[in-house]
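Chains as they are written, first to last, in my numbering: chain A, 105 to 214; chain B, -4 to 105. From the three backbone atoms N, C-alpha and C, an ideal C-beta is built for every residue, glycine too. These numbers come from a predicted model, not from an experiment.
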């Protein structure tokens, strides 16, 4: 079993839809959680960073962490074609060891 | 503040040669992570350096090696290049919080 599981998709939604992206993990030592957006052939860009269970909102993006279920989510409201990218979840232990999910490819159709 | 910088941007090598990739972390960041991303695939963890020491390495052969210098910059060396080594190599830096990526070095082995 991989430490971090993420459905690679692809996921295709119409413009304006709410997008839900998810990751599960097996190691309870992960304490810090991140979501990255990666456009084709570019380096990943940090979208959200959180370290506690609950929700964190930033504009159209909401990151949700449930440590008891070892489950994290990223919600994108009012999705736009410019949101089309690969989204990667990442999680880090207290000692800075970090792991990534495989990434979910999202396409938002106009 | 400058972000993570990687050089060169592109690198073309012949099978059997050696490649050296460089990464300068964000000022003050002590952790550097290296990842390989083959076309259409997710991030594969290569190496993690912190405070000049190798902390962890992924499931790659020994011909993938690296080091971290006293100024926390890092170098990834790939010996005896194979065609399958063609990929985007990404570097990320961190200081006990979220990690930030460079734009990567695209290595092509011909």
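Taking 7 Å as the CB threshold, residue 59 of chain B stays off the interface with chain A.
With respect to residue 209 of chain A, residue 147 of chain A sits apart: the two C-beta atoms are not nearer than 7 Å. Residue burial annotation: residue 7 of chain B is exposed, with fewer than 16 other C-beta atoms found within 10 angstroms of its C-beta. A contact is defined here as three or more CB-CB pairs under 8 Å, and the segment 9 to 18 of chain B meets this definition with respect to the segment 64 to 83 of chain B.
Counting every other CB atom within 10 Å of its CB across the protein chains shown gives residue 93 of chain B a total of 16 or more, marking it as buried.
Taking a 10 Å sphere around the C-beta of residue 207 of chain A, we find 16 or more other C-beta atoms and assign the residue as buried. Listed along the chain, the chain A residues whose CB falls inside 9 Å of the CB of residue 50 of chain B are 199, 200, 201. Interface annotation, residue 150 of chain A: in contact with chain B, CB-CB separation under 7 Å. For the set B/87, B/100, B/76, the Cα lying nearest the Cα of residue 9 of chain B is the one of B/76. Linking residue 165 of chain A to residue 85 of chain B through their CA atoms gives a straight-line distance of about 25 Å. Short of 6 Å from the beta carbon of residue 122 of chain A, and not among the five residues preceding or following it, lie these beta carbons of its own chain, in chain order: 181. About 5 Å separates the beta carbons of residue 29 of chain B and residue 42 of chain B, which is inside the 8 Å limit, making them a contact pair. If you ignore the 5 residues before and after residue 23 of chain B, its C-beta comes within less than 8 Å of the C-beta of 90, all in its own chain and listed in chain order. Residues of the segment 120 to 134 of chain A with a C-beta atom less than 9 Å from some C-beta of chain B do not occur. Sorting B/4, B/51, B/36 by C-alpha distance to the C-alpha of residue 26 of chain B places B/51 at the top.
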